[in-house]
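Residue numbers for the sequence shown follow my numbering, so the first one is 257 and each next one is one higher. In this text, a Cβ means the ideal position worked out from N, Cα and C, and glycines have one as well. Written below as structure tokens is the structure these notes are about.
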Amino acid sequence: MKTLFARKALLQNGWSNNVELRIADGRIESLAAGVSADAADEQVDTLIPGLCNAHSHAFQRALVGRTEQRAPAGEDNFWTWRTQMYALANRVSPEHLTAIATQAYCEMLQAGYTAVAEFHYLHADPAANDDAMFAALQSAAATSGIRLVYVPVLYERAGFDGAAVESHQRRFVMTLADFLAHFERCHSNAVRGTTVAIGAHSLRAVSEASLLAIAAAAKESNVPLHLHIAEQQAEVQQCLAATGRRPVEYLLQTCEVDERWCLVHATHLDDSEVTALGSSGAVVCICPTTEANLGDGLFPLRRFLEQGGRIAIGSDSQVSIDPFEELRWLEYGQRLQSRSRCVAATDQLHVGSELFVRALTGGAQAGALNPAGITAGANADLVELRSDTAVLAGLGDDSLLDGLVFSGHRSPIRRVMAQGEWQVENSQHVHAQEALAGYQAAFEAWQ
């Protein structure tokens, strides 16, 4: 048991001063506000809860900065980017993945993410078994200290027409039986700090029968189910041609979509889909920097929130590993589209506070990490902010999160705790140099 005294802390009911947390076995056992610091083991400045990165492809950290050149002919878009992503995916061994994911996870912790939902489809390793990549991710999570939600996803076909996968997609593929066996093994063999969810890559990549089987497995095991959906207009058109329905419409009519579901992107929705999805209880994970980088489009945020919709955020392709930048550009995209301000402020006056709280609760839902926030029984996943910076200078309790989200300047994060241990000190991960050396070595191996 250790006690942590915070001069100021963001609790579930808002900001409180002089808060003592009692932490044991990686969780907050109890807390009290308005107390003295005398008995505490440690004192910190300003505490906020860490966020869950609800959608990550860790291996794509090695692709950042390598896809920004214009194609020799034709228009650059998601599909041309995907070709380059496949080329990387087919080079990644378990050893490479350990190094790349360790770097990405250390960066996530430095930025204020304390948990990550790893949406994983690099199952097959030519030199090992299908569980080797899972072991690589667990190793990276253990080194970095991040809380890992492993989301193995099924990938079994190339499109709605059931076409066989192309050569560069083969390592993603498992039969449904092999996939469910992999899920069960991982669920049984997860180490401390790792939990296991389940997923399907997308509607186009799995059959209806397989999707229903995955949904049944999620329900039986009481784990979250993650799915890419409606990211691209081409996917919407293909789904209409194959089923006569739009992707989210088809999903809602085919499956029992509820609080266990995390739908990633869901960018292209019509009004009826917005209404139905908003009332389903499912969380939508929005990845604004990736969606901007790939030219996906803008999620109908305001309408979705007005229908009771729940959101989380994710770093996805790792073009940015910064939750506050994701929240900032989530709002800015809506402002540019609507030519108005404070679009996401539907429940609260302050948009920064609303975005943060929604991302906190939605991310906890997507990762089955409840209770969310700084409260008794919650995970001891905490972020200490420096109050002596220009980013937060002069801001009161009502606008402190606004400054954090919308400042766009150097992060005021001093320390980050995950699983009850400080993983970031003085704004740098404690294993930053070790992680960088391994990451650089992976590139050298490809030369």
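Item to check | For His706, three-class secondary structure by DSSP | outcome: The structure shown does not extend to residue 706, since the chain is modelled only from 257 through 703, so no value can be given for it.
Checklist entry - Do you know offhand how far Val540's Cα is from Pro480's? => result 12 Å
Item to check | Buried or exposed (CB count within 10 angstroms, at least 16 for buried), Ala392 | outcome: Buried is the call here.
Checklist entry - Is the region 310 to 326 touching the region 653 to 665 in the sense that three or more CB pairs, one from each, lie closer than 8 Å? => result no
Next on the checklist: Quick check on this structure: which residue in Ala600, Val520, Phe612, Val599 has the alpha carbon closest to the alpha carbon of Asp572?
Outcome noted: Val520
Next on the checklist: So, under 8 Å CB-CB, Leu277 and Leu260 are touching, yes? Tell me the CB distance rounded to an integer number of Å.
Outcome noted: 5 Å
Checklist entry - Tell me which same chain residues have a C-beta within less than 8 Å of the C-beta of Leu353, skipping the five on either side of it? => result Ala314, Phe315, Leu378, Met389, Ala392, Leu393, Ala396
Next on the checklist: Report the start-end ranges of each beta strand (DSSP E) in the region 363 to 421 that is 3 residues or longer and not cut off at the edges.
Outcome noted: Qualifying beta strand (DSSP E) stretches, in chain order: 369 to 376, 403 to 410.
Checklist entry - Are there 16 or more other CB atoms within 10 angstroms of the CB of Phe699, so buried, or fewer, so exposed? => result exposed
Checklist entry - From Ala293 to Ile567, what does the alpha carbon distance come to, in whole angstroms? => result 36 Å
Checklist entry - Where does Asn274 sit, in a helix, a strand or coil, going by DSSP? => result strand
Checklist entry - Applying the criterion that 16 or more other CB atoms from any shown protein chain within 10 Å of the CB defines a buried residue, is Pro328 buried or exposed? => result So Pro328 counts as exposed.
Next on the checklist: For the alpha helix (DSSP H) containing Glu298, name the first residue and the last one.
Outcome noted: Segment 298 to 305 is the beta strand (DSSP E) holding Glu298; no alpha helix (DSSP H) there.
Checklist entry - For Phe439, which of helix, strand or coil comes out of DSSP? => result helix
Checklist entry - When DSSP builds the beta bridges, which residues end up paired with Ala288? => result Glu276
Next on the checklist: So for Cys495, helix, strand or coil by DSSP?
Outcome noted: helix
Item to check | Local Cβ density within 10 Å of Ala697, reported as buried at 16 or more and exposed below that | outcome: exposed
Checklist entry - Whose C-alpha, out of Gly455, Leu432, Ala433, is nearest the C-alpha of Val407? => result Val407 has its Cα closest to that of Gly455, out of Gly455, Leu432, Ala433.
Checklist entry - Is any heavy atom of the ligand NAP found at a distance shorter than 7 Å from the C-beta of Leu507? => result With respect to the ligand NAP, the structure shown offers nothing to examine, as it has no ligands at all.
Next on the checklist: Cutting at 7 Å between CB atoms, please list the residues of its own chain near Cys362, excluding the five before and the five after it.
Outcome noted: Ser400, His685, His687, Ala688, Ala691
Checklist entry - Mind checking whether Gln679 and Leu483 have CB atoms under 8 Å apart? => result no
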